[in-house]
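Q: If you read the sequence shown in the UniProt record's numbering, its first letter stands for residue 1, the second for the next number, and so on.
Ideal Cβ positions, reconstructed from N, Cα and C, are used throughout, including at glycine.
Predicted model only: the values in this text are computed from it and were never measured.
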Amino acid sequence: MSSSIVRKSTQSLKSETSSKNTSIISVMDTQSYGSSTTPDGTTSPKSFRHFLNERSLKRQPSLIRELTKQFATAGPGTIFVAGGLPNPDLFPYTSLSLQVDENTSINLSGQELRAALQYQPTMGHPVLHEELLKLVKQHFPPPHWDNTGLIVTVGSQNALSGMLEIILENGDPIVIPGPCYSSALSIMDPYSPTYLSVPEDSDGMQPDALRSVLQKWYGTNSPTTQVNGKVKNDFKRPKILYVNPTGANPSGIVIPTERKKEIYRITQEYDLLILEDDPYYFLHFLQQNPTTFLSMDVDGRVIRFDSFSKVLSSGLRVGFATGPKDLIRSLELYLQASILHTASLSQVVVNGTLRNWGTDGFRKHMESVKAFYKKRRDLMLAAAEKHLTGLAEWTTPKAGMFLWLKIRGVDDTFNMVMERGIQRKIIALPGREFMADKSKPCPYIRLSYSVLPEDQIEQGISRLAELIRDEQKR
Ligand code: PMP
Numbered sequence: 001m002s003s004s005i006v007r008k009s010t011q012s013l014k015s016e017t018s019s020k021n022t023s024i025i026s027v028m029d030t031q032s033y034g035s036s037t038t039p040d041g042t043t044s045p046k047s048f049r050h051f052l053n054e055r056s057l058k059r060q061p062s063l064i065r066e067l068t069k070q071f072a073t074a075g076p077g078t079i080f081v082a083g084g085l086p087n088p089d090l091f092p093y094t095s096l097s098l099q100v101d102e103n104t105s106i107n108l109s110g111q112e113l114r115a116a117l118q119y120q121p122t123m124g125h126p127v128l129h130e131e132l133l134k135l136v137k138q139h140f141p142p143p144h145w146d147n148t149g150l151i152v153t154v155g156s157q158n159a160l161s162g163m164l165e166i167i168l169e170n171g172d173p174i175v176i177p178g179p180c181y182s183s184a185l186s187i188m189d190p191y192s193p194t195y196l197s198v199p200e201d202s203d204g205m206q207p208d209a210l211r212s213v214l215q216k217w218y219g220t221n222s223p224t225t226q227v228n229g230k231v232k233n234d235f236k237r238p239k240i241l242y243v244n245p246t247g248a249n250p251s252g253i254v255i256p257t258e259r260k261k262e263i264y265r266i267t268q269e270y271d272l273l274i275l276e277d278d279p280y281y282f283l284h285f286l287q288q289n290p291t292t293f294l295s296m297d298v299d300g301r302v303i304r305f306d307s308f309s310k311v312l313s314s315g316l317r318v319g320f321a322t323g324p325k326d327l328i329r330s331l332e333l334y335l336q337a338s339i340l341h342t343a344s345l346s347q348v349v350v351n352g353t354l355r356n357w358g359t360d361g362f363r364k365h366m367e368s369v370k371a372f373y374k375k376r377r378d379l380m381l382a383a384a385e386k387h388l389t390g391l392a393e394w395t396t397p398k399a400g401m402f403l404w405l406k407i408r409g410v411d412d413t414f415n416m417v418m419e420r421g422i423q424r425k426i427i428a429l430p431g432r433e434f435m436a437d438k439s440k441p442c443p444y445i446r447l448s449y450s451v452l453p454e455d456q457i458e459q460g461i462s463r464l465a466e467l468i469r470d471e472q473k474r
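Set out below in structure tokens:
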């Protein structure tokens with residue numbers, strides 16, 4: 001690959017602007033990220049249109065959703081006759097109380113409750129949106145704050161699937177870690193992508209392997225490659241690098257800062273967007289919070305996905321995406337058309353919890369969540385040490401909920417887990433689920449230490465040891 005290919009594609013799209021720009025309802029503004037700020041001098045993307053698929057470029061704002069947004073932030077006295085809002089006075093609820101902890105409760109009635117039960121803007125309930133911007137600013141502020149957008153979503157899965165839906169074309173190459181979060185693969189699989197799978201070591205995706213996978217792709221598929229004397233013009237440029245950097249599901253790795261920087265540099269060279277899927281960010285067992293791709297994003301090429309599933313509650317279904325305003329705007333248009341918005345009541349509960357706790361309360365809560373999972377992890381590691389030594393290999397999970405085991409002497413764990421494991425009353429997850437190519441044998445399994453009661457951990461692992469021993473004899 002020559003970097004001129006990347007520059008050309010970026011430049012050629014720079015002049016494209018939306019035909020429907022008005023002050024309130026623009027499809028997308030062209031943002032500027034200073035080219036001088038990129039470490040290796042490559043031209044940073046000024047427009048994001050070359051990342052979006054045809055469907056997404058055709059999508060227009062929903063007028064009714066845009067006006068709902070206007071109304072939500074309009075001053076008192078605004079008369080709104082545009083929307084099909086049900087009259088909240090007819091909702092049969094009068095108050096709602098939720099005790100969070102000894103000192104914190106959420107009590108809703110009157111106007112606050114009506115807002116919690118009413119339609120809200122697609123970007124999110126304004127009170128939560130504001131609170132989340134503060135959280136991002138405090139924990140992982142991106143360098144170009146003014147160009148950063150944030151949207152509240154139905155868990156992070158909704159944000160991730162929406163973002164992939166607006167970017168991917170059938171057959172696109174996608175850079176993923178090997179192994180990869182199985183439900184990310186479930187979103188991507190129907191696009192029949194070519195997976196450029198980059199193996200992980202104990203620090204996650206390996207930069208050398210990433211570079212060579214990309215070099216190979218551009219080398220064998222270069223847009224200038226001649227086939228029978230003709231220039232091949234069906235070249236598909238990788239647009240996305242998907243990564244799950246903290247407590248990766250399933251491997252439990254955390255990518256250290258230096259490696260993140262290296263990966264970021266490579267994405268600059270190859271003009272890739274980074275989809276930073278980080279639902280276990282607050283659930284690490286390290287001394288310090290990890291750095292994030294978002295906070296090092298001088299170019300505007302990172303979209304970060306956060307979630308309250310592992311922090312407050314998975315059933316509330318609240319997450320959010322943060323990234324370049326233009327891309328968040330494209331995601332907003334998709335969500336305007338698909339879900340309208342994330343459940344207002346859930347957003348109000350998350351907001352009430354965060355606000356009432358304050359920074360200190362949130363920190364204390366996360367400390368206790370982390371301590372809980374760390375204890376479970378340590379118990380599982382101790383049991384593995386005792387029963388699985390010689391039968392399996394693993395690295396210590398540095399965050400998250402998973403232990404990723406490579407089983408010795410077993411080529412493929414699928415039938416071992418799905419048939420004989422279930423018969424013996426030990427249900428784990430076969431590693432193939434996390435592989436780009438599920439037709440290949442895979443010697444891994446994923447165990448979770450999050451919900452298993454402490455006194456069952458050792459029993460579970462010793463049952464697994466018996467299963468492996470029998471399997472090795474087959
Ligand atoms: N990404 C990863 C890596 C996950 O493990 C999960 C949850 N299994 C999600 C995203 C989705 O989480 P949420 O509940 O926020 O949709």
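Just grab the DSSP bridge partners of T148 for me.
A: To locate residue 148, count along the sequence shown from 1; it is residue 148. Its beta-bridge partners are P324.
Q: Just the Cα atoms here: how many angstroms apart are P179 and P443?
A: Counted from its first residue, the sequence shown places residue 179 at position 179. Counted from its first residue, the sequence shown places residue 443 at position 443. When rounded, the distance between both Cα atoms is 12 angstroms.
Q: Do G323 and G149 have their C-beta atoms closer together than 8 angstroms?
A: Indexing the sequence shown from 1 puts residue 323 at position 323. Indexing the sequence shown from 1 puts residue 149 at position 149. Closer than 8 angstroms, so yes.
Q: Taking all protein chains shown into account, decide if E200 is buried (16 or more other Cβ within 10 angstroms of its Cβ) or exposed.
A: Here residue 200 corresponds to residue number 200 of the sequence shown, with the count starting at 1. Looking at its Cβ environment, which holds 16 or more other Cβ atoms inside 10 Å, E200 is buried.
Q: Exposed or buried, K425, counting other C-beta atoms within 10 Å across all chains shown (16 or more means buried)?
A: If you number the sequence shown from 1, residue 425 lands on position 425. That one is exposed.
Q: For L52, which of M123, S346, Y281, L272 has the nearest alpha-carbon?
A: The residue labelled residue 52 in the question sits at position 52 within the sequence shown. L52 has its Cα closest to that of L272, out of M123, S346, Y281, L272.
Q: Between R432 and the rest of its own chain, which residues show a CB-CB distance below 7 angstroms, the 5 nearest in sequence each way excluded?
A: To locate residue 432, count along the sequence shown from 1; it is residue 432. Taken in chain order, the residues that qualify are F414, K438, C442.
Q: I'd like the list of long-range same chain contacts for I106, defined as Cβ closer than 6 angstroms, with 5 residues on each side in sequence excluded.
A: The count along the sequence shown starts at 1 and reaches residue 106 at position 106. Answer for I106: L98, G352, listed in chain order.
Q: With H, G and I counted as helix, E and B as strand and the rest as coil, what does DSSP make of P430?
A: By one-based count along the sequence shown, residue 430 stands at place 430. Correct three-state label for P430: strand.
Q: Measuring CB to CB, does Q347 end up less than 8 angstroms from G77?
A: One-based indexing of the sequence shown puts residue 347 at position 347. One-based indexing of the sequence shown puts residue 77 at position 77. Taking 8 angstroms as the Cβ cut-off, Q347 and G77 do not qualify as a contacting pair.
Q: Which residues mark the beginning and the end of the beta strand (DSSP E) in which F71 is found?
A: Indexing the sequence shown from 1 puts residue 71 at position 71. Note, F71: premise wrong, no beta strand (DSSP E); alpha helix (DSSP H) at 63-73.
Q: What do you reckon, is the C-beta of Q157 under 7 angstroms from a heavy atom of ligand 1?
A: Numbered from its first residue, the sequence shown carries residue 157 at position 157. Yes, Cβ of Q157 sits closer than 7 angstroms to a heavy atom of ligand 1.
Q: Check the C-beta distance from L379 over to I457 and give it rounded, since I have them as a contact under 8 angstroms.
A: Within the sequence shown, numbered from 1, the residue matching residue 379 stands at position 379. Within the sequence shown, numbered from 1, the residue matching residue 457 stands at position 457. The Cβ separation is near 5 angstroms, so the contact holds.
Q: Just confirm the distance between the C-beta atoms of I266 and I167, as a whole number of angstroms; I'd bet it's less than 8 angstroms.
A: Walking along the sequence shown from the start, residue 266 turns up at place 266. Walking along the sequence shown from the start, residue 167 turns up at place 167. With 8 angstroms as the limit, I266 and I167 do not qualify as a contact, their Cβ atoms being about 19 angstroms apart.
Q: Helix, strand or coil: which one does DSSP assign to Y218?
A: Locating residue 218 in the sequence shown gives position 218, counting from the first residue. The answer is helix: DSSP assigns Y218 an H, G or I state.
Q: Buried or exposed: K134, going by 16 or more other Cβ atoms within 10 Å of its Cβ?
A: As a working note, residue 134 is residue 134 in the sequence shown. Counting Cβ neighbours within 10 Å, K134 comes out exposed, since fewer than 16 surround it.
Q: Kindly confirm or deny that the region 447-457 and the region 366-383 touch, where touching means at least three C-beta pairs closer than 8 angstroms.
A: Contact holds: three or more Cβ-Cβ distances are below 8 angstroms.
Q: In the structure shown, what three-state DSSP assignment does H365 receive?
A: As a first step, residue 365 is located in the sequence shown; it is residue number 365 there, counting from the start. Helix at H365.
Q: Rounded to whole angstroms, what's the CA-CA distance from T94 to L85? Just pull it up for me.
A: In the sequence shown, counting from the first residue as 1, residue 94 sits at position 94. In the sequence shown, counting from the first residue as 1, residue 85 sits at position 85. Approximately 19 angstroms, taken between the alpha carbons.
Q: Give a yes or no on whether the C-beta atoms belonging to D306 and Q268 are separated by under 8 angstroms.
A: Locating residue 306 in the sequence shown gives position 306, counting from the first residue. Locating residue 268 in the sequence shown gives position 268, counting from the first residue. No, they are not a contact pair.
Q: What three-state label does DSSP hand M435 in the structure shown?
A: Walking along the sequence shown from the start, residue 435 turns up at place 435. Here M435 sits in coil by DSSP.
Q: Short of 7 angstroms in beta carbon distance, which residues of its chain neighbour residue 478, apart from the five on each side in sequence? Order them along the chain.
A: Outside the displayed span of the chain (1 to 474) sits residue 478, for which this structure offers no information.
Q: Determine the DSSP secondary structure at F308, reduced to helix, strand or coil.
A: Against the sequence shown, residue 308 aligns to sequence position 308. Three-state DSSP puts F308 in coil, outside helix and strand.
Q: Please tell me whether L391 and G421 are closer than 8 angstroms, where the distance is taken between their beta carbons.
A: Start at 1 with the first residue of the sequence shown, and residue 391 comes out as number 391. Start at 1 with the first residue of the sequence shown, and residue 421 comes out as number 421. Their beta carbons are not under 8 angstroms apart, which means L391 does not touch G421 by this criterion.
Q: For Q193, which option in V350, P173, K216 has the closest C-alpha, if you only look at C-alpha atoms?
A: As a first step, residue 193 is located in the sequence shown; it is residue number 193 there, counting from the start. Checking the displayed sequence, the identity of residue 193 turns out to be Pro instead of Gln. If we check each option's Cα against that of P193, P173 comes out closest.
Q: Quick check on DSSP: helix, strand or coil for G34?
A: On the sequence shown, residue 34 is found 34 positions in, with the first residue counted as 1. Note on G34: pLDDT 49, under 50, position unreliable in the model; the coordinate value appears next. Correct three-state label for G34: coil.
Q: Between the Cα of residue 477 and those of V302, V349, I64, spot the shortest distance and give me the residue it belongs to.
A: Beyond the ends of the chain as shown, which are 1 and 474, falls residue 477; an answer cannot be given.
Q: What do you reckon, is the C-beta of Y181 under 7 angstroms from a heavy atom of ligand 1?
A: In the sequence shown, residue 181 corresponds to position 181, counting from 1. Y181: yes, Cβ under 7 angstroms from ligand 1.
Q: Q157 by DSSP, collapsed to three states: which one?
A: Residue 157 sits at position 157 when you count from the first residue of the sequence shown. The answer is helix: DSSP assigns Q157 an H, G or I state.
Q: L286 by DSSP, collapsed to three states: which one?
A: The residue given as residue 286 occupies position 286 in the sequence shown. Of the three classes helix, strand and coil, the one that applies to L286 here is coil, per DSSP.
Q: Quick one: what does DSSP say V198 is sitting in, helix, strand or coil?
A: As a first step, residue 198 must be located in the sequence shown, where it is residue number 198. Looking at V198 - three-state DSSP - the assignment turns out to be strand.
Q: What I want to know is whether the C-beta of G319 ends up closer than 7 angstroms to one or more non-hydrogen atoms of ligand 1.
A: Mapped onto the sequence shown, residue 319 falls at position 319. Yes, the beta carbon of G319 sits closer than 7 angstroms to at least one heavy atom of ligand 1.
Q: In chain order, what residues of the same chain have a beta carbon less than 8 angstroms from the beta carbon of S183, not counting five sequence neighbours either side?
A: Here the question's residue 183 lines up with position 183 in the sequence shown. Counting only Cβ-Cβ distances below 8 angstroms, and skipping sequence neighbours, we find Q157.
Q: In whole angstroms, give me the CA-to-CA distance for L275 and I303.
A: Translated into the one-based positions of the sequence shown, residue 275 becomes position 275. Translated into the one-based positions of the sequence shown, residue 303 becomes position 303. Their Cα atoms are separated by approximately 5 angstroms.
Q: Given 7 angstroms as the limit, tell me if P61 has its C-beta closer than that to any heavy atom belonging to ligand 1.
A: The residue given as residue 61 occupies position 61 in the sequence shown. Answer for P61: no, Cβ out of range of ligand 1.
Q: Could you pull out every residue in the same chain whose Cβ sits closer than 8 angstroms to the Cβ of V410, ignoring the five residues on either side in sequence?
A: Position 410 of the sequence shown holds residue 410. These residues qualify, in order along the chain: M416, P443, I468, E471, Q472.
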